[in-house]
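Here the structure is laid out as structure tokens; the discussion comes afterwards.
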Amino acid sequence: MYGLDCSYRYLLPICIVAKPGTHIRNTPQLAHYAMAYPEIATVDGIRITGLLRTLFDCAVKLPLRFSLGPLDSALRKQLVGRPALAAYPHTVKYTRNRKAALRAFSLADARSENGGESEARGVLAELGYPVHDLQTTFSCLTYPSRSHRVDFLWVREDGTKVAGEFDGVRKFVDPEMTSNQDIRAVVAQEREREHCLEQQQVDVVRMFYDELNRPSQLAAKLQGKRVPHA
4 MYGLDCSYRY
14 LLPICIVAKP
24 GTHIRNTPQL
34 AHYAMAYPEI
44 ATVDGIRITG
54 LLRTLFDCAV
64 KLPLRFSLGP
74 LDSALRKQLV
84 GRPALAAYPH
94 TVKYTRNRKA
104 ALRAFSLADA
114 RSENGGESEA
124 RGVLAELGYP
134 VHDLQTTFSC
144 LTYPSRSHRV
154 DFLWVREDGT
164 KVAGEFDGVR
174 KFVDPEMTSN
184 QDIRAVVAQE
194 REREHCLEQQ
204 QVDVVRMFYD
214 ELNRPSQLAA
224 KLQGKRVPHA
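Take a look at the structure:
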């Protein structure tokens, strides 16, 4: 209802607020949650939980990988400001797993451009490789009028850097993202871009969405690139 990023795997069941003591059987489509004094908002004529409460419940109930998407998009769409977001978890009484909510709220970042990047940041944080910066820009050494923006950035103790590029298949096959170039031209451009970054002492580690489902393999790749571990 708020237009937040949400993984398809969590579109169901729809969560419904119920009065404490209400005994209603949950189904694969509907799940009931007891809440004595719910914060209510009305969107398109439908009564739903308030934005901050909705974000809090997502952070409490979902793995970090999937709770960052709603939080990041709420900030990106300017539905809530950073101060209000940071303060909210401390105002909720009688809740379980507050620690998870505090962690997710603290990691929320409006610069995350889409749900995939949010999921990646959640997995990276869980693996002990929290991102140091997002959407960092570097000069293009070949064409001074251009620049290279990387999705994630880590800075090692020696000052050298590692750029994390979160790539989906769309990046290579969707005409809207390739400027109608064939895949060979796109791959060549990516190699040229990577070489330019390496000339500036920036190593590049590429991550793909399916690797988020294989965290141990992803961790090995990060370790191989000497990505700083928390």
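Residue numbering for the sequence shown follows our numbering, beginning at 4 and increasing consecutively.
No residue lacks a Cβ here, since even glycine has one placed at the ideal position from N, Cα and C.
Since the structure is predicted, the reported quantities are computational estimates derived from the model, not experimental observations.
Classification of leucine 15 by the beta-carbon crowding that lies within 10 angstroms, buried from 16 upward = exposed
Give the C-beta separation of aspartate 8 and asparagine 117 to the nearest angstrom, bearing in mind that I take them to be a contact with Cβ-Cβ under 8 Å.
-> 7 Å
Mind checking methionine 210: buried by the 16 CB within 10 Å criterion, or exposed?
-> buried
Ordered list of beta strand (DSSP E) runs contained in the region 198-223, each at least 3 residues = 205-211
Who are glycine 167's beta bridge partners in DSSP?
-> Phe155 and Val208
Would you please state the rounded distance, in angstroms, between the beta carbons of proline 73 and leucine 58? I believe it to be under 8 Å.
-> 6 Å
Spatially closest choice to arginine 85 from Thr94, Pro66 and Ser109, by CA coordinates | Ser109
Which of helix, strand or coil DSSP assigns to aspartate 177 | For aspartate 177, the pLDDT reaches just 49, beneath the cut-off of 50, and the residue's location in the model is therefore unreliable, leaving the point undetermined.
Do you know offhand how far glutamate 195's Cα is from aspartate 136's?
-> 23 Å
Under three-state DSSP, which class holds valine 172?
-> In this predicted model, valine 172 has a pLDDT of only 49, less than 50, meaning its place in the structure is not dependable; the value taken from the coordinates is given anyway. Of the three classes helix, strand and coil, the one that applies to valine 172 here is coil, per DSSP.
Sort out for me which residues DSSP pairs arginine 50 with in a bridge.
-> Thr45
Tell me whether aspartate 47 is buried or exposed, calling it buried when 16 or more other Cβ atoms sit within 10 Å of its Cβ.
-> exposed
Evaluate contact between the region 156-172 and the region 225-233, counting only Cβ atoms and requiring at least three cross-stretch pairs below 8 Å.
-> yes
Which residue from Val20, Gly24 and Arg99 puts its Cα closest to that of glycine 53?
-> Val20
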